[in-house]
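Student: Sending over a structure as structure tokens; questions will come in a sec.
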Amino acid sequence: MEFVTDLDTSGPPDSILPTTPKIITEGLNVFYGDNQALISVNLNINENEVTALIGPSGCGKSTYLRCLNRMNDDIEICRVDGRILLDGEDIYGRQLDPVQLRARVGMVFQKPNPFPKSIFDNVAYGPKIHGLVRHKADLEEIVMNSLERAGLANEVRDRLHEPGTSLSGGQQQRLCIARAIAVQPEVILMDEPCSALDPIATAKIEELIDELRQNYTIIIVTHSMQQAARVSQRTAFFHLGEIVEIGETAQIFTNPRDERTQGYITGRFG
Amino acid sequence: MNNDQPAISIADTVAKGLRRRRAAEIRLRIYGIAAISFVLMALVVLLGSIVSKGISAFQQTHIAVLVNFDREKIDPAGSGKIEDLRRGDYDGIARNSMRAAFPGVSGRRNRRALGKMISSGAGDQLREMVMANPNLIGTRQRVWLLASDEIDMLNKGYARRKPDGSATKVSRRQVAWYDALVVKGAVERHLNWRFLTGGDSREPEQAGVWAAVVGSALTMIITLMLAFPLGVAAAIYLQEFAPKNRWTDIIEVNINNLAAVPSIVFGLLGLTVILGFFGLPRSTPLVGGIVLALMTLPTVIIASRAALMSVPPSIREAARGLGASSSQVVFHHVLPLAMPGIMTGTIIGMARALGETAPLLMIGMVAFIVDVPSKFEDAATVLPVQIYLWADSPERGFVEKTAAATMILLVFLLAMNAAAILLRKKFERKW
Numbered sequence: 001m002e003f004v005t006d007l008d009t010s011g012p013p014d015s016i017l018p019t020t021p022k023i024i025t026e027g028l029n030v031f032y033g034d035n036q037a038l039i040s041v042n043l044n045i046n047e048n049e050v051t052a053l054i055g056p057s058g059c060g061k062s063t064y065l066r067c068l069n070r071m072n073d074d075i076e077i078c079r080v081d082g083r084i085l086l087d088g089e090d091i092y093g094r095q096l097d098p099v100q101l102r103a104r105v106g107m108v109f110q111k112p113n114p115f116p117k118s119i120f121d122n123v124a125y126g127p128k129i130h131g132l133v134r135h136k137a138d139l140e141e142i143v144m145n146s147l148e149r150a151g152l153a154n155e156v157r158d159r160l161h162e163p164g165t166s167l168s169g170g171q172q173q174r175l176c177i178a179r180a181i182a183v184q185p186e187v188i189l190m191d192e193p194c195s196a197l198d199p200i201a202t203a204k205i206e207e208l209i210d211e212l213r214q215n216y217t218i219i220i221v222t223h224s225m226q227q228a229a230r231v232s233q234r235t236a237f238f239h240l241g242e243i244v245e246i247g248e249t250a251q252i253f254t255n256p257r258d259e260r261t262q263g264y265i266t267g268r269f270g
Numbered sequence: 001m002n003n004d005q006p007a008i009s010i011a012d013t014v015a016k017g018l019r020r021r022r023a024a025e026i027r028l029r030i031y032g033i034a035a036i037s038f039v040l041m042a043l044v045v046l047l048g049s050i051v052s053k054g055i056s057a058f059q060q061t062h063i064a065v066l067v068n069f070d071r072e073k074i075d076p077a078g079s080g081k082i083e084d085l086r087r088g089d090y091d092g093i094a095r096n097s098m099r100a101a102f103p104g105v106s107g108r109r110n111r112r113a114l115g116k117m118i119s120s121g122a123g124d125q126l127r128e129m130v131m132a133n134p135n136l137i138g139t140r141q142r143v144w145l146l147a148s149d150e151i152d153m154l155n156k157g158y159a160r161r162k163p164d165g166s167a168t169k170v171s172r173r174q175v176a177w178y179d180a181l182v183v184k185g186a187v188e189r190h191l192n193w194r195f196l197t198g199g200d201s202r203e204p205e206q207a208g209v210w211a212a213v214v215g216s217a218l219t220m221i222i223t224l225m226l227a228f229p230l231g232v233a234a235a236i237y238l239q240e241f242a243p244k245n246r247w248t249d250i251i252e253v254n255i256n257n258l259a260a261v262p263s264i265v266f267g268l269l270g271l272t273v274i275l276g277f278f279g280l281p282r283s284t285p286l287v288g289g290i291v292l293a294l295m296t297l298p299t300v301i302i303a304s305r306a307a308l309m310s311v312p313p314s315i316r317e318a319a320r321g322l323g324a325s326s327s328q329v330v331f332h333h334v335l336p337l338a339m340p341g342i343m344t345g346t347i348i349g350m351a352r353a354l355g356e357t358a359p360l361l362m363i364g365m366v367a368f369i370v371d372v373p374s375k376f377e378d379a380a381t382v383l384p385v386q387i388y389l390w391a392d393s394p395e396r397g398f399v400e401k402t403a404a405a406t407m408i409l410l411v412f413l414l415a416m417n418a419a420a421i422l423l424r425k426k427f428e429r430k431w
């Protein structure tokens, strides 16, 4: 079986999936001061799929992820050029406010970072600031729904008003996921969401990611090759700020086209 | 790894140094304990000396005499009107009561000396009694009259008795009369209510600290109302919103410099700008508060910035990632988490302002204040200035008053800190 990589401009992934991509990245360059972190990255992300970004440390995969909800805007020396289209709309366009973008593109961070508030308030915060609810009952419904979908509802049902920081690490991370999906985003970015968790908590999160795929487009940065293989449908391999290879996960891990990909996934460098 | 040396030599080398390292550890601990003991001792000595000197000021010596509320003296016209009653010769009544207690005393000088044993405020004391209850007129009552400060000092043991029968500032005859009164049980120390509720006076036995307490409170209110919001707003802008460029660097350096400016310079600023240019009334808590707020502002800004900076970036990221705007990030998450630190900084600044004298001298808060101020634009003084004024007074009676006022200043400070800590606790519980 032959797969076409996205590096070939002649062969967009349309040949694999009939739908247009959720996110289209064209010629993205990112600079931190004089250092170029990303070099003309072209990458398409499909809807309702999990896309894994892998690569050695400092290869630019987190930088790319943070471009997708403009978290890099807060870094003063960071400069971005190129285009990222979300449903055809340029997210770096003038008419799009980052606040609006982040309501559509949620994020889960490497270290669980619940607010030092109650579990309920953690999940309720997003819907509240975006004015998604009018009544208290609606808010409660959203919160319980989100906790349910994050697989946390049964564990915290009786302690919604205890601080979110009182949960275990894995629960905290699922709380953060619940918090992200409470805003009902279209895309969820995950920056090494399991790197601070034990294997059991990791397994739960991975299971959750697989379920969430039904409704969300998920992009996950991971250092664990096994994790990428387990949870993602497509995998992009970053190296030194460039995308070396992108393709279906099975293909990347069994039959990489690039020598460097081969080297990385077999553990020869990284 | 090279295996030239046997592994045991490393363990031996470590073991050799071990005793020395342990000794260093113990030495360090001893130094620490010594330092803390020294500080504690200094604190105990300081508090001990203040309390032992000042505690006696909370009681004042009184002399019991039979007072004849003579209608002739109080209301010679017999009108019975309150205004006329107020003008009565109460000093005369007080003097006569003393003479009645010692009928054998004759001669103008002796009578004068006898009258000097009671305070010049004793007349006021009688006036207040009559004002409160006009039925006293025409009756005889046993009344505890305020003793003069010389007798008070003698009673408290501060006046030294001399071999010739006299004592410091008290003549031989007065000592004899005093001793006679003591034998009769007519000398007692009562709670010095006047000290706790009154204003300043030239007479130590009548001096009160309340006017200064209220002056300090009014001044602190102004200082807090200005320094806290301005300082926190400046810190939030500088820390969270301002671009990092040359201008913000210059501002930052200048704020840090401002914190090191001697406080009297702020007094000069207040004198020339606030009194001179804006023409606000001098000697008032309003102006004092503004000057102290200017002085406190850099402290609040620096502490607030440090508190804001210490909020973990992960919280900001979490909020931003959810789509919170910059101001929502600050006001919903960063500021509440920084609040305890900000309040600690504010309290440090306020405590410094509370103890400040120099800048207030420049704006005329060193005035002699008899009336308790009730408004921000009333002439007032503050506790440290009152302490300074009393410490400067020659009368022996002001020594204990000075120490007592210092105690009250410390209590004021503790109350302020306690309020802040309670507030902080409440704030922390919310989160």
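Chains as they are written, first to last, in my numbering: chain A, 1 to 270; chain B, 1 to 431. Glycine included, each C-beta is placed from N, C-alpha and C at the ideal position. None of the values given here were measured: they were computed from a predicted structure.
Just to confirm the assignment, what range does the alpha helix (DSSP H) spanning V213 of chain B have?
Tutor: Segment W210 to I236, the alpha helix (DSSP H) holding V213 of chain B.
Student: So with CB distances below 7 Å, who are the chain B contacts of V99 of chain A?
Tutor: The answer, in chain order, is G323 and S325.
Student: List the whole-angstrom C-beta distance separating A367 of chain B from P373 of chain B, where the pair is believed to meet the contact cut-off of C-beta under 8 Å.
Tutor: Not a contact, Cβ separation roughly 11 Å.
Student: Should N69 of chain A be flagged as near chain B, meaning a C-beta pair shorter than 9 Å?
Tutor: Yes, its Cβ sits closer than 9 Å to a Cβ of chain B.
Student: Start and end of the beta strand (DSSP E) containing C176 of chain A?
Tutor: Where C176 of chain A is concerned, there is no enclosing beta strand (DSSP E), although the alpha helix (DSSP H) it sits in stretches over G169 to I181.
Student: Could you give the first and the last residue of the continuous beta strand (DSSP E) run that contains D149 of chain B?
Tutor: Premise fails: D149 of chain B lies in the alpha helix (DSSP H), D149 to K156, not in any beta strand (DSSP E).
Student: Taking M107 of chain A as the query, report the chain B residues whose CB atoms sit under 9 Å from its CB, ordered along the chain.
Tutor: Within chain B, the residues near M107 of chain A are E317, A318, R320, G321 and L322.
Student: Give every residue of the same chain whose Cβ lies closer than 7 Å to the Cβ of D152 of chain B, excluding the five residues on either side of it in the sequence, and list them in chain order.
Tutor: Here the set comprises Q60, T61, E205 and G397.
Student: Between V30 of chain A and chain B, is there a C-beta pair that is closer than 9 Å?
Tutor: Chain B contact via Cβ: absent.
Student: How far does the alpha helix (DSSP H) with G349 of chain B in it reach, from first residue to last?
Tutor: Looking at the DSSP string, the run of the alpha helix (DSSP H) that includes G349 of chain B is L335 to L354.
Student: C78 of chain A by DSSP, collapsed to three states: which one?
Tutor: Strand at C78 of chain A.
Student: Is R213 of chain A helix, strand or coil by DSSP?
Tutor: Correct three-state label for R213 of chain A: coil.
Student: When DSSP labels each residue in this structure, what does L189 of chain A get in the three-state scheme?
Tutor: Of the three classes helix, strand and coil, the one that applies to L189 of chain A here is strand, per DSSP.
Student: Give the range of the alpha helix (DSSP H) segment to which F263 of chain A is assigned.
Tutor: Looking at the sequence shown, residue 263 of chain A is not Phe but Gly. Per DSSP, G263 of chain A belongs to the alpha helix (DSSP H) from E259 to I265.
Student: Any beta-carbon of chain B closer than 9 Å to the one on R79 of chain A?
Tutor: It does not; no Cβ of chain B falls within 9 Å.
Student: Let me make sure I understand the geometry here. Which of A:P21, A:L38 and A:K22 has the alpha-carbon closest to that of N29 of chain A?
Tutor: Ranking A:P21, A:L38 and A:K22 by Cα distance to N29 of chain A puts A:L38 first.
Student: For the ligand ADP, is there any heavy atom lying closer than 8 Å to the beta carbon of M295 of chain B?
Tutor: Judged by which ligands are present, the structure shown has none, so any question about the ligand ADP falls away.
Student: Can you find a C-beta in chain B that's less than 9 Å from the C-beta of V133 of chain A?
Tutor: No, because no Cβ of chain B sits closer than 9 Å to the Cβ of V133 of chain A.
Student: Report yes if the CB atom of Q174 of chain B is closer than 9 Å to the CB atom of E150 of chain B, and no otherwise.
Tutor: For Q174 of chain B and E150 of chain B, yes; Cβs fall inside 9 Å.
Student: Determine, for L337 of chain B, whether the minimum Cβ-Cβ distance to residues of chain A falls below 9 Å.
Tutor: It does: the Cβ of L337 of chain B has a partner Cβ on chain A nearer than 9 Å.
Student: Please give me, in chain order, every unbroken run of the beta strand (DSSP E) with length at least 3 that falls completely inside the stretch 32 to 109 of chain A.
Tutor: 35 to 45, 50 to 54, 78 to 86 and 105 to 108, all fully within the stretch 32 to 109 of chain A.
Student: Which residue's Cα is closest to the Cα of W390 of chain B: B:T406, B:V67 and B:P298?
Tutor: The candidate whose alpha carbon is nearest that of W390 of chain B is B:T406.
Student: Mind checking K61 of chain A: buried by the 16 CB within 10 Å criterion, or exposed?
Tutor: By the neighbour-count rule (16 or more Cβ atoms within 10 Å), K61 of chain A is buried.
Student: Might you give, ordered along the chain, the residues of its own chain that have their beta carbon closer than 8 Å to the beta carbon of A153 of chain A, omitting 5 neighbours on each side?
Tutor: So the list reads M144 and L147, once near-sequence residues are dropped.
Student: Should P193 of chain A and G106 of chain A be called a contact, given that it needs their Cβ atoms to be closer than 9 Å?
Tutor: No, the pair does not count as a contact, with Cβ atoms beyond the cut-off.
Student: Is the stretch 86 to 100 of chain A in contact with the stretch 271 to 285 of chain B, if contact means three or more CB pairs nearer than 8 Å?
Tutor: No contact exists between the stretch 86 to 100 of chain A and the stretch 271 to 285 of chain B.
Student: To the nearest angstrom, report how far apart E428 of chain B and P340 of chain B are at their CA atoms.
Tutor: Taking the straight line joining both Cα atoms gives about 7 Å.
Student: Distance cutoff 9 Å, beta carbons only. Does Y125 of chain A sit that close to anything in chain B?
Tutor: For Y125 of chain A, the answer is yes, since a Cβ of chain B falls inside 9 Å of its Cβ.
Student: Quick one: any contact between the stretch 130 to 143 of chain B and the stretch 77 to 96 of chain B, if contact means 3 or more CB pairs under 8 Å?
Tutor: Counting Cβ pairs under 8 Å, three or more are found: they touch.
Student: Looking at the C-beta of K426 of chain B, does it have a partner C-beta in chain A at a distance below 9 Å?
Tutor: So no, K426 of chain B is outside the interface.
Student: Where does N145 of chain A fall in DSSP's three states?
Tutor: Of the three classes helix, strand and coil, the one that applies to N145 of chain A here is helix, per DSSP.
Student: For a contact defined as C-beta to C-beta under 7 Å, what are the partners of S314 of chain B on chain A?
Tutor: Chain A residues near S314 of chain B: F109, K111 and N113.
Student: Under 9 Å between beta-carbons, which chain B residues line up against I273 of chain A? List them in chain order, please.
Tutor: The structure shown does not extend to residue 273 of chain A, since chain A is modelled only from 1 to 270, so the question has no answer here.
Student: When you check each C-beta in the stretch 227 to 253 of chain B against every C-beta of chain A, which residues fall closer than 9 Å?
Tutor: Cβ contacts with chain A come from P243 and K244.
Student: Give the straight-line distance between the Cα atoms of A52 of chain A and F109 of chain A, rounded to the nearest whole angstrom.
Tutor: Distance between the alpha carbons of A52 of chain A and F109 of chain A is about 15 Å.
Student: Hey, does P193 of chain A have any beta-carbon neighbour from chain B nearer than 9 Å?
Tutor: No, no contact with chain B.
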